[in-house]
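Here the protein sequences line up with chains A and B, keeping their order.
At position 226 of the first sequence the residue is numbered 892 (the numbering used here), and the sequence of numbers has no breaks.
At position 91 of the second sequence the residue is numbered 94 (the numbering used here), and the sequence of numbers has no breaks.
Every residue gets a Cβ at the ideal spot worked out from N, C-alpha and C, and that includes glycine.
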Amino acid sequence: MFKSCELRKVDEKDREWQMVLELLKGQGIGLDPFVDQTYSYFEGDKLVGTASVAGSTIRSIAIAIHKQGSNTLAEMMNDVMEILYDAGHGNIFIYTKPDAVGSFQNIGFYEVDRAEVEHDGVVLLERKPDGIRNFVKTIERLKTDHEEIGAIVMNANPFTFGHQYLIEYAAAHCDFLYVFVVSSEKSVFPFDTRMNLIKEGTKHIENVYVLNGGTYIISGATFPNYFLKAPDRATNLQAKLDITIFARYFVKALNIKKRFIGTESYCGTTEIYNETMKEVLTRFDVEVCEIPRKTIGETPISASMVRKLIKEGEIEAVMPFVPITTFDFLMSKDAKSIIEAIQKSDSRH
Amino acid sequence: MEIVKSSSAGTLDSCDIQIRIESNEIGSNEIYLKSVVEKQFGNQIKALINDVLDKHNLKSVTVNAVDRGALDCTIRARVESAVMRAIGRESLEDWSVIHHDK
């Protein structure tokens, strides 16, 4: 079939970049700071649309005013989805404002959940009609019949005495504890390593089960800003969405009664996340237990501090702050490339 | 028949239908349809899709169909292609002699 429009990759070096920014700005849409690739959609030499992708999500989508209500959005999204499906993503997510939901439902997207803060709102949609329901079925198989069930979500980048203390404390204050590990590969320690170090560092605790947090818990889909250095306007909304999904699906599937968090003194984003959690989870009858950070002398332990020491080349100086299992890993040759990456980077995670 | 991978066929262009097929774990077929003519032809389109699934003996798949006003022959052909891709027979079939009727 004759195709009049063409999807092209653009970046800031291209002549079209300014046009893309103006199209987004004209419709009050920000260019998400976290995209892997931005696309322009041209009809001849006229820009009629733009969309960006980050992992399996499509963001910052805009269609020129004179093309709205035509089939342009569908045709552009068709091409973008094809790219994501071809790249091997099984599910595709869209992060959008409530008033745009209808347009995406029309092209086969299904709502996972939504959140509102004041007059601002955000909705997460997915392409698999049964995506979240299937996920819930998978975790329901892990349900136990304990009375007081607790949950912790952690990134553990890398696993420290602070994380270990939090898990020990939580496990002692409930009958059974699920530890969800953030699955996004946005952190310098890869998912498999983070997961293994948590498992090894909690082997001595019996009532703990460590599992993959998957796509629906602090992921690029539910909470993209978690991986940003500084919180912005969208952070509140995203935090609320992420926690609402946790409350509506995870809490119900596993009968979770308590969620444990560590007091945050380092990171503004996590602080907002924790505050939002107290507000949302209380409404779902889940108790939020905030536990003061473990300190060594006067120094509170944190993964960012451990990374800072690594960055400064003081790898042996992390010993007082991490379990022996983490320390052994840092000393092993498997850690070499990670240590190099930390020493080069300046990112929050 | 077993699905070996998720697959798509068709586009979101006008007069076409886009089909996405995935395996599911519920042991029966589920069809999700969005159509500009859902009120008029929704049931007919679903029946058509079911027909093709039955023909290939598929019993546990989820179909996400987005119809933009496709004719029956287009719908049949798109579902057929998506199924062939999903069961890994796309390049094995002699497409010139396929019978779309049962």
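In chain B, which residues lie with their C-beta within 7 Å of the C-beta of A/Ile807? According to the sequence shown, residue 807 of chain A is Arg rather than Ile. Per Cβ cutoff of 7 Å: no residues; A/Arg807 is ~11 Å from chain B at best.
Please look up how many angstroms separate the CB atoms of A/Phe643 and A/Ala838, rounded, as I've assumed it's under 8 Å. Only positions 667 to 1015 of chain A appear in this structure, which leaves residue 643 of chain A out of reach.
Buried or exposed: which applies to B/Ser9, given that a residue is buried once 16 or more other Cβ atoms fall within 10 Å of its Cβ? With 16 or more Cβ atoms within 10 Å of its Cβ, B/Ser9 is classed as buried.
Residue burial classification, B/Val40 (beta-carbon count within 10 angstroms, cutoff 16): Label assigned to B/Val40: exposed.
Checking contacts by CB at 9 Å: is B/Gln21 closer than that to chain A? Answer yes: the Cβ-Cβ gap between B/Gln21 and chain A drops below 9 Å somewhere.
A/Gly928 bridges to which residues according to DSSP? Looking at the DSSP output, A/Gly928 shares a beta bridge with A/Ile957.
How many angstroms separate the CA atom of A/Ala887 from the CA atom of A/Thr961? Linking A/Ala887 to A/Thr961 through their CA atoms gives a straight-line distance of about 33 Å.
Neighbourhood of B/Asn53 by C-beta distance below 8 Å, restricted to the same chain and skipping five residues each side: Annotation for B/Asn53: Asn32, Ile34 place their beta carbon closer than 8 Å to its own, counting only its chain and skipping 5 residues before and after.
Residue of A/Ile922, A/Lys923, A/Pro986, A/Thr936 minimising C-alpha distance to A/Lys906: Looking at the Cα atoms, A/Thr936 is the closest of the given residues.
Contact set for A/Met667: own chain, Cβ-Cβ below 8 Å, skip 5 residues either direction: Here the model assigns A/Met667 a pLDDT of 48, short of 50, so the residue's position is not dependable, and the following value carries that caveat. Around A/Met667: no qualifying Cβ.
In the structure shown, what three-state DSSP assignment does A/Glu688 receive? A/Glu688: helix per DSSP, three-state reduction.
Cβ contact check for the segment 974-989 of chain A and the segment 13-31 of chain B: 3 or more pairs under 8 Å: Three or more Cβ pairs closer than 8 Å define a contact, and the segment 974-989 of chain A falls short of that threshold against the segment 13-31 of chain B.
From A/Asp752, A/Ser736, A/His732, A/Lys794, residue whose alpha carbon lies closest to that of A/Ile760: When each option's Cα is compared against that of A/Ile760, the closest is A/Lys794.
Decide if A/Ser853 is buried, meaning its Cβ has at least 16 other Cβ atoms within 10 Å, or exposed. In the assembly as shown, A/Ser853 is a buried residue. Its beta-carbon has 16 or more other beta-carbons within 10 Å.
Taking the alpha-carbon positions, what's the A/Glu813 to A/Asp841 distance? Cα to Cα, A/Glu813 sits roughly 7 Å from A/Asp841.
Could you compute how far the alpha carbon of A/Met971 sits from the alpha carbon of A/Pro958? A straight-line Cα-Cα distance of about 16 Å links A/Met971 and A/Pro958.
Rank A/Thr762, A/Val819, A/Ala1007, A/Gly928 by C-alpha distance to the C-alpha of A/Leu791 and give the top, closest one. Out of A/Thr762, A/Val819, A/Ala1007, A/Gly928, A/Thr762 has the C-alpha closest to the C-alpha of A/Leu791.
So, at 6 Å on beta carbons, what are the nonlocal neighbours of A/Ser850 in its own chain, with the 5 sequence-adjacent residues on each side left out? Excluding positions up to five away in sequence, the list reads Ser885, Gly886.
Residue span of the alpha helix (DSSP H) that contains A/Ser885, given as start and end: Run containing A/Ser885: none; DSSP gives neither H nor E here.
Give the secondary structure of A/Ser1011 by DSSP, where H, G and I count as helix, E and B as strand, and everything else as coil. If DSSP states are grouped into helix, strand and coil, A/Ser1011 belongs with coil.
Using the Cα positions of A/Lys1010 and A/Ile1004, report the straight-line distance between them to the nearest angstrom. Distance between the alpha carbons of A/Lys1010 and A/Ile1004 is about 10 Å.
On the DSSP bridge assignment, give the partners of A/Thr716 in chain order. For A/Thr716, which the question treats as bridged, DSSP gives the partners A/Ser706, A/Ala728.
Limits of the alpha helix (DSSP H) - the one that B/Ser84 falls within: Going by DSSP, B/Ser84 is part of the alpha helix (DSSP H) stretching over 75-89.
Quick one: list the residues of chain A neighbouring B/Val69, beta-carbon separation under 7 Å, in chain order. What B/Val69 touches in chain A, judged by beta-carbon distance under 7 Å, is Ile773, Gly774, going in chain order.
Does the separation of the CB atoms of A/Ile871 and A/Phe846 fall below 9 Å? Taking 9 Å as the Cβ cut-off, A/Ile871 and A/Phe846 do not qualify as a contacting pair.
Proximal residues of chain B, C-beta to C-beta of A/Gly756 below 7 Å: Neighbours of A/Gly756 on chain B, chain order: Ser9.
Check the Cβ of A/Lys733 against every Cβ in chain B and list those closer than 9 Å, keeping chain order. Ordered by position in chain B, no residue passes the 9 Å Cβ test against A/Lys733, which lies about 14 Å from the chain.
Within 9 Å of any Cβ in chain B, is that where the Cβ of A/Lys794 sits? Yes, because at least one Cβ of chain B sits closer than 9 Å to the Cβ of A/Lys794.
Does A/Glu748 come within less than 9 Å of chain B when only Cβ atoms are used? Against chain B, the CB of A/Glu748 has a partner CB under 9 Å away; the residue lies at that interface.
Would you call the segment 40-50 of chain B and the segment 764-779 of chain A in contact, with 3 or more CB pairs under 8 Å? Three or more Cβ pairs closer than 8 Å define a contact, and the segment 40-50 of chain B falls short of that threshold against the segment 764-779 of chain A.
Cβ-based burial, B/Asn27 [other Cβ within 10 Å; buried from 16]: The residue in question, B/Asn27, is buried, as its Cβ has 16 or more Cβ neighbours within 10 Å.
My output table needs one value for A/Met667: the three-state DSSP class, helix, strand or coil. Low local confidence applies: a pLDDT of 48 at A/Met667 is under 50, so the model's placement there is unreliable, with the coordinate-based value given in what follows. Looking at A/Met667 - three-state DSSP - the assignment turns out to be coil, as it is neither helix nor strand.
Please check if any C-beta of chain A sits within less than 9 Å of the C-beta of B/Ser94. False, the Cβ-Cβ gap to chain A never drops below 9 Å.
Please check if any C-beta of chain A sits within less than 9 Å of the C-beta of B/Thr77. It does not: the Cβ of B/Thr77 has no partner Cβ on chain A nearer than 9 Å.
So, at 6 Å on beta carbons, what are the nonlocal neighbours of B/Ser84 in its own chain, with the 5 sequence-adjacent residues on each side left out? Same-chain partners within the cutoff: Ala12.
Is it the case that the segment 824-831 of chain A contacts the segment 938-951 of chain A, given that we only count it when at least three CB pairs across the two stretches are under 8 Å? Flag = no, the segment 938-951 of chain A and the segment 824-831 of chain A do not touch.
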